[in-house]
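A short write-up of the structure that comes next.
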Amino acid sequence: MSCFVIKTTDEALRKVFINVCGCEAVPAPGNWVGGKAPEAVVKALENVDTGVDASVEETLRFPLSCSGPREDVDKKGEPCAVFDCVFNSDVVKQAKCFRSLKRFLIDLCLEWIGQKHKLHLDSKYKLPRMRYKGGTVVSQRIRVDQKPLVEEVGEVDESPSFPLVAKKRSSTSEHPETKSEDISRCKFSFGDNAPNRVPQAARLQAEAKAVQCKTDNGSLPALAWRVHFEGHPVRWIVVTVDVPGDLSLEGCQANVEVSTFNVFVDIAGYAPLTVDIPLAVSCEDCTAQMLEDTRTLTVRLSHRSFSDVLEEMRAVRPHSFGSLDLVSDTYLELEA
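If you count by full-length UniProt numbering, then the sequence shown holds residues 1 to 336, one letter each, in order.
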């Protein structure tokens, strides 16, 4: 059953169409009696924009089946890519009535297709007036698992490693050290934190600046940053942070920490910065350097396939994937 179509673009500005369809063979989360969304799901959708807590993560787990890309052309005759995302039939029916549910399914499709096929899809999408892109609906195989969708488990102290919830990311989120344990990290230090220490006067000057900024504004000034991607498909992700003009490169004290999906930058006298990366990166061959000609701190990262990340997460936390059916890859991707 076709429902609606999402239109967006990838990093190469190629048009991408996503057909959102429904099928009874795909499970629905919770107790959808008579095709109606459970009250818990409706409340969770209302709260998802204000922050995702553990209860929301458990409620908003929507199994889906995602097809591979198909080549097609748009109405101008230009090449485009087409994907099919299949949810439970009752879920897509309710998406026509609840705008928040429809918006959530759209975010979920964009995030999951981007992760599965290593694409950086533009979050600015359109909903063309069509129910299906590509003429006749293409069939796909749905693997039905005999295990129950929800099973009773003991108390779990930690959140699942990969909750299937489209979270809104913030550029000023908490320091990675305050989050749950990540699978891999690498660190770089410059200035007073590096082996070649700068004069103590530079450190004292930066600390004095930080105190003055907090006194005047109540908070530290923010750092300017940007992210760009190299290669088609993407092979490298480059994060660039501008070194403030009132700091000398020699005396600039900076710490850089890289994890699978984040780059944390701490420059003395300025608010700590966490840059969320939309693609998984490798910590093994990343580099960080201060560039004098552009007065920037540049972090260069290689793209890592999402399947490799899942394998490492399984090795680090096997119970998060093995004992909870909803976060195993069987339910993240239901086709054979």
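The C-beta atom is built at its ideal place from N, Cα and C for all residues, glycine as well.
On a predicted model such as this, the values are computed, not experimentally measured, just so you know.
N-terminal and C-terminal residue of the alpha helix (DSSP H) that residue i is part of
i: G114; result: 99-116
Simplified DSSP assignment, three categories, for residue i
i: A271; result: coil
i: S302; result: strand
i: K7; result: strand
i: residue 362; result: Past the boundaries of the shown model lies residue 362; the chain is included only from 1 to 336, so the question cannot be answered.
i: D122; result: coil
i: S310; result: For the sequence presented, residue 310 should be read as Leu rather than Ser. Correct three-state label for L310: helix.
i: L297; result: strand
i: V26; result: coil
i: L332; result: Residue confidence is low: L332 scores 45 on pLDDT, short of 50, so the model does not pin down where it sits. Its coordinate-derived value is still stated next. Helix at L332.
Distance, residue j Cα to residue i Cα
i: K96; j: K102; result: 7 Å
i: S139; j: R235; result: 32 Å
i: R185; j: G114; result: 23 Å
i: P29; j: T240; result: 41 Å
i: V92; j: K118; result: 25 Å
i: T215; j: P79; result: Here T215 scores only 42 on pLDDT, less than 50, and its place in the model should not be relied on; the value that follows carries that caveat. About 56 Å.
i: E257; j: A268; result: 15 Å
i: A288; j: D72; result: 41 Å
i: H232; j: L249; result: 33 Å
i: F62; j: G77; result: 35 Å
i: E111; j: V41; result: 20 Å
Close-in-space but distant-in-sequence residues of the same chain around residue i (CB under 7 Å, 5 per side omitted)
i: I237; result: V227, F229, I277, L279, V281, L301, H303
i: F4; result: V20, L127, R131
i: A194; result: Annotation note: pLDDT 46 at A194 (below 50); position unreliable, coordinate value reported separately. The answer is none, since no qualifying residue turns up.
For residue i, the first and last residue of its enclosing beta strand (DSSP E)
i: V86; result: 79-88
i: M290; result: 281-291
i: C252; result: From DSSP, C252 is part of no beta strand (DSSP E); its letter is neither H nor E.
i: E230; result: 225-230
i: D72; result: 70-73
i: D18; result: Checking the sequence shown, residue 18 turns out to be Ile, not Asp. Per DSSP, I18 belongs to the beta strand (DSSP E) from 15-23.
i: F188; result: 186-190
i: I237; result: 236-242
Sequence-distant residues of its chain with Cβ nearer than 8 Å to residue i (five each side left out)
i: L45; result: L60, F98, S100, L101, F104
i: K187; result: N255, V256, E257, V258
i: C286; result: C186, V258, V299, R300, L301, S302
i: A224; result: V241, D242
i: R295; result: D242, V243, G245, L249
Same chain, Cβ closer than 6 Å to residue i, neighbours up to 5 away in sequence not counted
i: T8; result: V16, L121, D122, Y125
i: V265; result: V241, V256, L273
i: V263; result: V239, V275, V299
i: residue 343; result: Any property of residue 343 remains undetermined from this structure, which presents the chain solely from 1 to 336.
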